[in-house]
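**Student:** Structure below; questions to follow.
Residue numbers (full-length UniProt numbering): 1 to 181.
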């Protein structure tokens, strides 16, 4: 688990390689569009025009598109949730953990101290739950382009999970765990 600042900024390379290797894990990212621990500085997902101590005249940078980047890197499960919808978010976390392979769950988590423009009321008005994941790449990109605030499972694909692609590692790993347990 992490925030949009570390996950989609300095840690973006880790996300991309975990997704392309299809590591069996859920990466839960709390996306509030700011660096909340450093007094609301502009983060990778801050919208154009966002004003902060580091961008007093508004950010001119395009926000990072974590869903598209994760898809391009090979993530086999991509979802988006909202911290104000605990029931849906709980279900998404369970699904993400249960999915065999790399799962990204981007969670809109308002920063009520520094990013008041994108608070709980904003998200309650703008999030739209979708009922099923995209059937193909074109649909995935249509959904994410048409509704930046779509929630639910947006992409799900079965593909080999690391280290199953490297059978030579399985016996050594099993032996290792037997020795330390």
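All C-beta atoms in this analysis are idealised placements derived from N, C-alpha and C, irrespective of residue type, glycine included.
1) Assuming residue 29 and residue 66 make a contact with CB atoms under 8 Å, what is their CB distance in whole Å?
2) May I have the straight-line CA-CA distance separating residue 147 from residue 108, to the nearest angstrom?
3) Looking at the unbroken beta strand (DSSP E) that takes in residue 105, where does it start and where does it end?
4) Look at residue 113 and residue 40 and say whether their C-beta atoms are less than 9 Å apart.
5) Could you check what DSSP says for residue 96 in three-state terms: helix, strand or coil?
6) Using the C-alpha atoms, what's the distance from residue 49 back to residue 62?
7) Spatial neighbours of residue 5 within its chain, please: CB distance less than 6 Å, with the 5 preceding and 5 following residues excluded, ordered by chain position.
**Tutor:** According to the structure shown:
1) As a working note, residue 29 is residue 29 in the chain shown. As a working note, residue 66 is residue 66 in the chain shown. With a Cβ gap of about 7 Å, residue 29 and residue 66 count as contacting.
2) Your numbering for residue 147 matches position 147 in the chain shown. Your numbering for residue 108 matches position 108 in the chain shown. Rounded to the nearest angstrom, the two C-alpha atoms are 14 Å apart.
3) What you label residue 105 is simply residue 105 of the chain shown in a count that begins at 1. 102–108 is the extent of the beta strand (DSSP E) around residue 105.
4) Counting from 1 along the chain shown, the entry for residue 113 is found at position 113. Counting from 1 along the chain shown, the entry for residue 40 is found at position 40. Yes, the Cβ-Cβ distance between residue 113 and residue 40 is below 9 Å.
5) Position 96 of the chain shown, counted from the first residue, corresponds to residue 96. Note: residue 96 maps to helix in three-state DSSP.
6) Residue numbering aside, residue 62 sits at position 62 when the chain shown is read from its first letter. Residue numbering aside, residue 49 sits at position 49 when the chain shown is read from its first letter. If you take the alpha carbons of residue 62 and residue 49, they lie about 10 Å apart.
7) Here residue 5 refers to the residue found at position 5 of the chain shown. For residue 5, where only same-chain residues beyond five positions count, the Cβ hits under 6 Å are 35 and 43.
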